[in-house]
Amino acid sequence: MIAPHHQVVRREGLMRKFLVVLDDSTECLNAMRFAALRAARTGGGVAVLSVIPPEEFNHWIGVGDLMREEARERIEVHFEVFAKWMRDKQGVDPELIIREGEPTDEIIQQLSDDPDIGVLVLGASGDRKKGPGPLVTQLSRSAGALPVPITIVPGDLSKERLEAIT
212 MIAPHHQVVR REGLMRKFLV VLDDSTECLN AMRFAALRAA RTGGGVAVLS VIPPEEFNHW
272 IGVGDLMREE ARERIEVHFE VFAKWMRDKQ GVDPELIIRE GEPTDEIIQQ LSDDPDIGVL
332 VLGASGDRKK GPGPLVTQLS RSAGALPVPI TIVPGDLSKE RLEAIT
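The sequence shown lines up with residues 212 to 377 when you count with the numbering used here.
Dropping the structure here:
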């Protein structure tokens with residue numbers, strides 16, 4: 212079930228954030244670009260969410276803790292690549308959020324937890340045989356009940372076209 216979004220009266224100067232999901236997919240790159248470009252052009256911010264699925268830690272406790280720490284370190288290194296580009300090229304200083312759980316559930320919970328998020332940005336796979344990807348598929352089914360709109364960015368969109376759109 213999707214929790215209702217907090218009702219917040221927007222004050223002058225309160226920026227809208229674009230929530231984008233950082234994962235290992237190739238389409239994630241265009242979603243990151245889109246979020247950063249839109250934030251830069253609208254005076255908004257970017258929140259980057261990475262979710263560590265629970266099955267990565269179904270081992271002995273000590274091994275699970277080590278794997279959790281390694282996963283966090285990988286995420287932080289991956290995030291820094293995008294963050295540097297956002298800061299240097301777009302003037303946007305993104306925030307990193309790391310959650311553990313089922314990705315769809317954690318995305319929905321983050322939307323509920325942060326009332327400053329105004330748009331969820333997802334990258335869609337360009338592979339017509341496999342479909343847009345599991346997150347796009349699952350969250351599209353819930354789109355009518357989400358507290359914010361979803362922007363789905365095609366993974367095959369060229370960098371030039373993406374810049375022209377934003």
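Even glycine gets a Cβ: it sits at the ideal position worked out from N, Cα and C.
Bear in mind that the values here come from a model prediction, so they are computed numbers and not experimental data.
Buried or exposed: L277, going by 16 or more other Cβ atoms within 10 Å of its Cβ?
On the sequence shown, position 66 is the one that residue 277 refers to. By the C-beta density criterion, L277 is exposed, having fewer than 16 other C-beta atoms within 10 angstroms.
Can you check whether the CB of T377 is closer than 8 Å to the CB of R252?
Mapped onto the sequence shown, residue 252 falls at position 41. Mapped onto the sequence shown, residue 377 falls at position 166. In this structure, T377 lies closer than 8 Å to R252 by Cβ.
For S336 versus G329, is the C-beta spacing smaller than 8 Å?
Counting from 1 along the sequence shown, the entry for residue 336 is found at position 125. Counting from 1 along the sequence shown, the entry for residue 329 is found at position 118. Taking 8 Å as the Cβ cut-off, S336 and G329 do not qualify as a contacting pair.
Taking the continuous beta strand (DSSP E) assigned at K228, which residues delimit it?
For the purposes of this step, residue 228 is taken as residue 17 along the sequence shown, with counting starting at 1. For K228, the enclosing beta strand (DSSP E) stretches over residues K228 to V232.
What would DSSP say about P265, mapped onto helix, strand or coil?
Taking the first residue of the sequence shown as position 1, residue 265 is located at position 54. DSSP places P265 in helix when its eight states are reduced to three.
Burial state of P314 (16 or more Cβ within 10 Å)
Residue 314 sits at position 103 when you count from the first residue of the sequence shown. Its Cβ being crowded by 16 or more others within 10 Å, P314 is buried.
Does DSSP put H216 in a helix, in a strand, or in coil?
Numbered from 1 along the sequence shown, position 5 holds the residue referred to as residue 216. Residue placement at H216 is flagged as unreliable, the pLDDT there being 42, under the threshold of 50; a coordinate-derived value is accordingly withheld.
Whole-angstrom distance between S351 and I361, CA atom to CA atom
Here residue 361 is taken as the residue at index 150 of the sequence shown, counted from 1. Here residue 351 is taken as the residue at index 140 of the sequence shown, counted from 1. Going by the C-alpha atoms only, they are around 8 Å apart.
Is R221 helix, strand or coil by DSSP?
Translated into the one-based positions of the sequence shown, residue 221 becomes position 10. Legend: pLDDT at R221 = 43, less than 50; position of this residue unreliable, value from coordinates given subsequently. Three-state result, R221: coil.
For V259, which residues does DSSP report across the bridge?
Translated into positions along the sequence shown, residue 259 becomes position 48. According to DSSP, V259 bridges with V231 and L307.
Within 8 Å, strictly: CB atoms of S261 and F290
Looking up residue 261 in the sequence shown gives position 50. Looking up residue 290 in the sequence shown gives position 79. Against a cut-off of 8 Å, the Cβ pair of F290 and S261 comes out as a contact.
Under 8 Å between C-beta atoms of G366 and G334
Residue mapping note: residue 366 aligns to position 155 of the sequence shown, counting from 1. Residue mapping note: residue 334 aligns to position 123 of the sequence shown, counting from 1. Cβ atoms of G366 and G334: closer than 8 Å.
Cβ-Cβ distance between Q321 and I308 below 8 Å:
For the purposes of this step, residue 321 is taken as the residue at position 110 of the sequence shown. For the purposes of this step, residue 308 is taken as the residue at position 97 of the sequence shown. Contact flag set, yes.
Would you identify the three-state DSSP class for P365, choosing helix, strand or coil?
If you number the sequence shown from 1, residue 365 lands on position 154. The answer is strand: DSSP assigns P365 an E or B state.
Please list the terminal residues of the continuous beta strand (DSSP E) segment that includes A247.
On the sequence shown, residue 247 is found 36 positions in, with the first residue counted as 1. Note, A247: premise wrong, no beta strand (DSSP E); alpha helix (DSSP H) at C239 to T253.
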